[in-house]
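Engineer:
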Amino acid sequence: MAIPFIDLAAQQKIIRNKIDARIATVLDHGKYIMGPEINELETALSEFCGAKHSITCGSGTDALLLPLMAWNIQKGDAVFVPAFTFFATAEVVSLLGATPIFVDIDPDTFNIDPAKLEKAIEAVVSQDETIHPLPSIAKNQKLSPKAIIAVDLFGLPADYDSILPLAQKYNLKVLEDAAQGFGGEAHEKKACNIGCHAATTSFFPAKPLGCYGDGGAVFTNDDELADVIKSLRVHGKGKDKYDNIRIGLNARMDTMQAAILLPKLEIFDDELEKRQQVADWYETSVADVEELVAPKLPMGHKSAWAQYTVLCKDGEHRAAVQAKLKEAGVPTMIYYITPLPYLAVYNELGYVKGDFAVSEEYSERVLSLPMHPYLTEGSFRHEILDGVFE
Ligand SMILES: *Cc1c(COP(=O)(O)O)cnc(C)c1O
Numbered sequence: 117m118a119i120p121f122i123d124l125a126a127q128q129k130i131i132r133n134k135i136d137a138r139i140a141t142v143l144d145h146g147k148y149i150m151g152p153e154i155n156e157l158e159t160a161l162s163e164f165c166g167a168k169h170s171i172t173c174g175s176g177t178d179a180l181l182l183p184l185m186a187w188n189i190q191k192g193d194a195v196f197v198p199a200f201t202f203f204a205t206a207e208v209v210s211l212l213g214a215t216p217i218f219v220d221i222d223p224d225t226f227n228i229d230p231a232k233l234e235k236a237i238e239a240v241v242s243q244d245e246t247i248h249p250l251p252s253i254a255k256n257q258k259l260s261p262k263a264i265i266a267v268d269l270f271g272l273p274a275d276y277d278s279i280l281p282l283a284q285k286y287n288l289k290v291l292e293d294a295a296q297g298f299g300g301e302a303h304e305k306k307a308c309n310i311g312c313h314a315a316t317t318s319f320f321p322a323k324p325l326g327c328y329g330d331g332g333a334v335f336t337n338d339d340e341l342a343d344v345i346k347s348l349r350v351h352g353k354g355k356d357k358y359d360n361i362r363i364g365l366n367a368r369m370d371t372m373q374a375a376i377l378l379p380k381l382e383i384f385d386d387e388l389e390k391r392q393q394v395a396d397w398y399e400t401s402v403a404d405v406e407e408l409v410a411p412k413l414p415m416g417h418k419s420a421w422a423q424y425t426v427l428c429k430d431g432e433h434r435a436a437v438q439a440k441l442k443e444a445g446v447p448t449m450i451y452y453i454t455p456l457p458y459l460a461v462y463n464e465l466g467y468v469k470g471d472f473a474v475s476e477e478y479s480e481r482v483l484s485l486p487m488h489p490y491l492t493e494g495s496f497r498h499e500i501l502d503g504v505f506e
């Protein structure tokens, strides 16, 4: 019997009664848009992560877009993003007409490398590509550095101890993309309240805290920013949605998704502990396999373990491990097969092979293994371990 990569059915079994009751309540009151569950969820999310404002929205992508719109990011602006992440992180920058400036990742954490980030900022300011690879547009035109989007890849918060002082030095906004990181921690501070100007998450079903459709949220401690984002979320509303004072979006979360997230949030802490337990099992087993490298957490950091991603020796080794696991009924995934600068859509930026050495190498070596809170020690040992590690 094949084991699942993630197991949403096992989770649903535990809270199915509560979810059914919540859905029934929504069907009874009929407030499908901005119903009372939205406010209830926003309060609960703020309680969970400590951020003053939690603003739910339609997806993790909308969540990234909203603060960038509030900051008036536009054509001629540079926004620094990791080269190795999900496309949405850079897509929102391009959608607003600004230019994503890609930065390579730290080989130990998979997250944006702060030393290279500073070089990228300097390179944009001086239009000097000998300091850091630049897109062609940044060589021909002086872009204005405006913001950094740091990603908590695979669930591990990025190195905000280094990123936040850099942002201050160069007067940049920092947006924490915690689509995979909600539930993680850095020095006792929860992801989405680590000290960035704003943070976002996604409730896409496969994320650590997922709903049954699309959903997302923005977090901030800045009252003024929160007000603008709430306006942008509903067509740039002023007093009401027929008093439009700016160009916005329809980016609200459905009441139904909030109703589903409420019972899921209740068990989220327990699930995070279970994910850590699974990560611990993996770590001790991967340590026995010579050619696989297990992820390591920096001091004082906790991962939400959105993914458990190991490094194989090279592409050939990865194909062999993946085939062996597949035969044993163990599904795997490759996050991500192409670093963002090399996606077809970014051909026009003119990056060349070798510009992002770590991201390029890792796109050939990464392999994500099954990870979810309901993986039992028995199935872990018998199905996964026997599949790969024997
Ligand atoms: C999933 C994801 C997003 C986008 O979230 P959606 O809810 O799918 O729009 C953005 N950034 C990262 C890093 C993600 O993993």
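My numbering puts the first residue of the sequence shown at 117, with every later residue one more than the last.
We treat Cβ as the ideally placed atom computed from N, Cα and C, and that holds for glycine.
#1: Going residue by residue through the region 191-216, where are the continuous beta strand (DSSP E) segments of at least 3 residues, counting only ones entirely within it?
#2: Counting only the same chain and skipping the five closest in sequence on each side, list residues whose C-beta sits under 7 Å from that of V402.
#3: For ligand 1, is there any heavy atom lying closer than 8 Å to the beta carbon of Q373?
#4: Spatial neighbours of G364 within its chain, please: CB distance less than 6 Å, with the 5 preceding and 5 following residues excluded, ordered by chain position.
#5: Give, in chain order, every unbroken run of the alpha helix (DSSP H) that is at least 4 residues long and sits entirely within the region 258-320.
#6: May I have a chain-ordered list of the beta strand (DSSP E) segments no shorter than 3 residues that lie completely inside the region 368-397?
#7: By a C-beta neighbour count over all protein chains shown, 10 Å radius and 16 as the cutoff for buried, is D330 buried or exposed?
#8: According to DSSP, H169 sits in a beta bridge with which residue or residues?
#9: Tell whether a beta-carbon distance below 9 Å holds between D193 and A274.
#10: Report, in whole angstroms, the separation of the C-beta atoms of A206 and N337, which I expect to be a contact under 8 Å.
#11: For the region 363-379 against the region 153-160, do three or more pairs of beta-carbon atoms, one drawn from each stretch, fall closer than 8 Å, so that the two count as touching?
#12: What do you reckon, are the CB atoms on H488 and F121 nearer than 9 Å?
#13: Within 9 Å (strictly less), CB to CB, does R497 reach chain D?
#14: Where E238 and S318 are concerned, what is the direct C-alpha to C-alpha distance, given to the nearest angstrom?
#15: According to DSSP, is H417 part of a helix, a strand, or is it coil?
#16: Touch check for the region 195-203 and the region 217-230: three-plus C-beta pairs under 8 Å?
#17: Would you check if the region 441-454 and the region 467-485 touch, i.e. whether three or more CB-CB distances between them fall below 8 Å?
Structural biologist: In brief:
#1: 193-198
#2: L408, A410, V426
#3: no
#4: L348, H351, G352
#5: 276-286
#6: none
#7: buried
#8: T336
#9: no
#10: Not confirmed; about 26 Å, so no contact.
#11: yes
#12: yes
#13: In the displayed structure, chain D is absent; only one protein chain is listed.
#14: 32 Å
#15: strand
#16: yes
#17: yes
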